[in-house]
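The UniProt record's numbering numbers the first residue of the sequence shown as 1 and each following residue consecutively.
To start, the structure itself, in structure tokens.
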Amino acid sequence: MFGQRRLLSDMTIGIMGVGNIGKIVAKTLKHFNAKIWGLTRTIPTTKEPFIDEYRTTSSLPEFLSNCHYIINIMPATPETNGLLNGDMLKNCKENNAIFMNVGRGNVINEEDLVNALENKWITAAILDVFEVEPLPSTSKLWIMPQVIISPHNACLARAESVAELFCNNYNKFTHGEPLLHLKSSTESLKLDDVEIMIADCRYLPKIKGKLNNIKWIQSISAGVEQLIELRHEKNINFVITRFVDETYGLDMAEYIVMQIVAFERRQREEYETLKSAVWPHNSMFVSRRLISQMNIGIMGIGNIGKVATPETNGLLNGDMLKNCKENNAIFMNVGRGNVINEEDLVNALENKWITAAILDVFEVEPLPSTSKLWIMPQVIITPHNACTVRADGIANLFKSNYEKYMKGEALPNILNIQRGY
């Protein structure tokens, strides 16, 4: 009943690193009326009300000598590397301080930490991160009674939070707004450290050689033809999952229905007429086809449709579209532009093998201004936006796949690099 113990309200807690996480920790501890000191590289112009004192790393000895608990939350950077090495922790002795490391293990090497414990410069160490992980079984830290070890799980990444943050940043990125929690150049993550990546496949071939520890890449699109060149590489030790979800297919389905209905109802011609304030005569008695009266052929009946592969390359080249003439067929391309070259497509239109072409994808993108397709009245062009990637769709898919990955379950829609889809 009459033991002697310290209350949080009796202590000064030193937090090394008062960024986003450090501030939350400081604010939480302040509820217990502890005195909070924050260690940072520069003193902020606007000080947080829950941090009583700020010190910079140049005042580290003073910071350490005033704290009962020293909590490291700093990232691994050249500036933080070895910050507590040598006899730096000797400054903690007067307060019987406890050192807690939940940041990165580079802040102190194991030999100096063991020395600080053996010399009783610090009373104990609570360690969640280490110089080398997993902590080797030969480490002296395992057998020291004043050391508490946890396996780098002080803070776990919740799949919902990862997805929500990605969704927010994706929206900001597409609108040209500053990203949340953007790491500075001095804190930049090395590509060599990356295990999981959400990526635009257009950029992967340029950096693939630097991704030495990559295990899984989540593509933000269904199309992955930019990765076809990787089929010649023998040592592919990672998987790529395509972005395929129901909203992606629904988005494309709506585009297709919109274009069919608009074309059959001659919406474009009617719009141009009405723009001139001319009321079209006999508009009630026109001949038009209903969707229910037509046969619609879909080339590629996977989740959405086929991606660009060697097998689909030039599939409609030459006079193949001559087979469409009898039905006054319309060709719509929302897949990939490699299925027919522009010269053969123009030829099919000029020879009236097809009545019209509705094109969202092209051999060369953006479509060159010199292309004959721009000036053909029977051609409708959209700028590769038949199906757009929804930020919430990516976030939800990544969340689902991330949970599977962490549980060691099979991931869906894995790209077969050799086949190209």
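Glycine included, each C-beta is placed from N, C-alpha and C at the ideal position.
Asked, Found
"Extent of the continuous alpha helix (DSSP H) run through Gln-267", "267 to 275"
"Whole-angstrom distance between Ile-51 and Gln-146, CA atom to CA atom", "29 Å"
"Opposing strand residues paired with Leu-39 [DSSP bridges]", "Met-16, Arg-55"
"Own chain, CB closer than 7 Å to Asp-192, minus 5 neighbours either side, in chain order", "Lys-210, Asn-212, Asn-213"
"Distance between beta carbons of Ile-381 and Leu-367, contact taken as under 8 Å", "7 Å"
"Whether residue 425 touches Leu-359 by CB criterion (8 Å)", "Residue 425 cannot be examined here, being either before or after the span of the chain that is shown, 1 to 421."
"Own chain partners of Pro-310 with C-beta closer than 6 Å, once the 5 adjacent residues on each side are dropped", "none"
"Helix, strand or coil at residue 422 [DSSP, three-state]", "Since the first residue of the chain shown is 1 and the last is 421, residue 422 is not available in this structure."
"Residue environment, Thr-56, which counts as buried when at least 16 other CB atoms sit within 10 Å", "exposed"
"Span separating the alpha-carbon of Val-239 from that of Trp-216", "5 Å"
"CB contact flag (Phe-99, Ile-122, <8 Å)", "yes"
"Boundaries of the alpha helix (DSSP H) in which Ala-348 is found, first to last residue", "342 to 350"
"Residues near Asn-66 by beta carbon distance below 6 Å, same chain, minus five either side", "Thr-12"
"Euclidean distance between Cα positions of residue 502 and Thr-312", "Lying outside 1 to 421, the shown extent of the chain, residue 502 is not represented and no answer is given."
"Short Cβ contact (8 Å threshold) for Ile-15 with Gly-38", "yes"
"Span separating the alpha-carbon of Ser-219 from that of Pro-61", "48 Å"
"For Gly-305, the three-state DSSP class (helix, strand or coil)", "For Gly-305, the pLDDT reaches just 44, beneath the cut-off of 50, and the residue's location in the model is therefore unreliable, leaving the point undetermined."
"Own chain partners of Leu-84 with C-beta closer than 6 Å, once the 5 adjacent residues on each side are dropped", "Val-107, Ile-108"
"Residues near Val-25 in its chain [Cβ-Cβ closer than 8 Å; skip 5 each side]", "Ile-15, Ile-71, Ile-73"
"N-terminal and C-terminal residue of the beta strand (DSSP E) that Tyr-69 is part of", "69 to 72"
"Bounding residues of the beta strand (DSSP E) (the contiguous stretch that carries Ile-358)", "356 to 359"
"Beta carbon proximity, Arg-268 to chain D, threshold 8 Å", "As a matter of chain content, chain D is missing from the structure shown, which is built from one protein chain."
"N-terminal and C-terminal residue of the beta strand (DSSP E) that Phe-331 is part of", "330 to 333"
"Candidates Gly-105, Asp-112, Ile-126, Phe-63, of which the one nearest Asn-95 by Cα", "Phe-63"
"Run of the alpha helix (DSSP H) containing Leu-113, from where it starts to where it stops", "110 to 118"
"Same chain, Cβ closer than 8 Å to Val-389, neighbours up to 5 away in sequence not counted", "Ile-220, Ser-221, Phe-243, Tyr-248"
"Helix, strand or coil at Val-162 [DSSP, three-state]", "helix"
"Cβ-Cβ distance between Lys-172 and Leu-179 below 8 Å", "yes"
"Asp-245 versus Ile-354: straight-line alpha-carbon distance, rounded", "32 Å"
"Pairwise C-alpha distance: Gly-300 and Asn-153", "45 Å"
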